[in-house]
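**Q**
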Amino acid sequence: MRILRTINRIFLYMAEYVPVPFGYFRMLLYTLAGLKMEKGVTIEYGMQIGGNFENIYLKENVEIAQGVYLHAYDRIVIGKNTAIAPFVKIITNQNPRLDVNKLNEFYTPFNKPVVIEDNVYIGTGAIILPGVTVHEMSVVGAGAVVTKDVPSFTVVAGVPARVVKNLAKKETICNE
Numbered sequence: 006m007r008i009l010r011t012i013n014r015i016f017l018y019m020a021e022y023v024p025v026p027f028g029y030f031r032m033l034l035y036t037l038a039g040l041k042m043e044k045g046v047t048i049e050y051g052m053q054i055g056g057n058f059e060n061i062y063l064k065e066n067v068e069i070a071q072g073v074y075l076h077a078y079d080r081i082v083i084g085k086n087t088a089i090a091p092f093v094k095i096i097t098n099q100n101p102r103l104d105v106n107k108l109n110e111f112y113t114p115f116n117k118p119v120v121i122e123d124n125v126y127i128g129t130g131a132i133i134l135p136g137v138t139v140h141e142m143s144v145v146g147a148g149a150v151v152t153k154d155v156p157s158f159t160v161v162a163g164v165p166a167r168v169v170k171n172l173a174k175k176e177t178i179c180n181e
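Residues 6 to 181 (the working numbering) are what the sequence shown spells out, left to right.
1. Would you kindly work out how many angstroms separate the C-alpha atoms of Q71 and T113, rounded to a whole number?
2. For E141, which beta-bridge partners are listed by DSSP?
3. Thinking just about the alpha-carbon of each residue, which of G148, A147, G146, R167 is nearest to the one in D154?
4. Would the beta-carbon of T152 fall within 9 Å of that of V125?
5. Please name the residue in K85, T47, E49, V137 whose C-alpha comes closest to that of I96.
6. Looking at the unbroken beta strand (DSSP E) that takes in A77, where does it start and where does it end?
7. Of the residues E49, N66, V82, which one's Cα is nearest the Cα of F58?
8. Evaluate N60 with the Cβ neighbour count: other Cβ atoms within 10 Å of its Cβ, from every protein chain shown; 16 or more gives buried, anything less gives exposed.
9. By the 10 Å Cβ neighbour count, where 16 or more other Cβ atoms means buried, how is V93 classified, buried or exposed?
Structure representation (C-alpha cells):
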C-alpha cells in the first residue's frame, strides 16, 4: 500500500508542474493518481493536493486555475460549469497535527466534506473551510473566507464571507 501511495504521489507531483501545452498529459497523470473527473475538466499547472486525492470529484466543465490548493482529507465535490480562480484554497480538515501539541487538550480535530454545486465562480485567493456547501449559481468574491454555507443565487465576500448581493434568477454567471 505504501508503494502504491508513493507512485501516486509521483504522478501527482509530475502533474502539478507539467507546462500548459501538455494539458492532456497532465489530466492523464491526475487520473492515474486517482482523481475522479468528468469530461471537459481543465486544470492549469501548479494545482496542489494535500491528503487523499481520491476524495476529489470534478464534474463536467470544471476549470481550475493555477496555484489552487485542495486539502482533501475528506470529500471535495465540484459541480458542473464551475470556475475556480488562482490561489483558491479548499480545506476539509482542521487539527493541530501533532500528538504532543497542547492544543489537543482543548481542540477536537475534525474532517468535513466541501461541496461546490453547479455554476459557481470562486474568486482569486478565496478560502473555503470544512463543512461548507456553496450552492448553485453563486459567486465567492476574491479573498473571501467562507465559514458557512453559501445560498443559491448570491454573491458573498469578506472575512468572514457574508452575502453582499442577491442575484435575480434570470441573471447568469456561468454558461450552461
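Think of the CB as a built atom: it goes at the ideal place given N, C-alpha and C, for glycine as much as any other residue.
**A** Let me lay it out:
1. Straight-line spacing of the CA atoms in Q71 and T113 works out to 33 Å.
2. E141 is not bridged to any residue.
3. That would be R167, whose Cα lies nearest to the Cα of D154.
4. It is not a contact, given that the beta carbons lie outside the stated cut-off.
5. Ranked by Cα distance from I96, the options K85, T47, E49, V137 are led by V137.
6. Annotation: the continuous beta strand (DSSP E) that includes A77 extends over 74–77.
7. For the options E49, N66, V82, the alpha carbon positioned closest to that of F58 is the one of V82.
8. That one is buried.
9. A buried status is given to V93, since no fewer than 16 other beta-carbon atoms sit within 10 Å of its beta-carbon.
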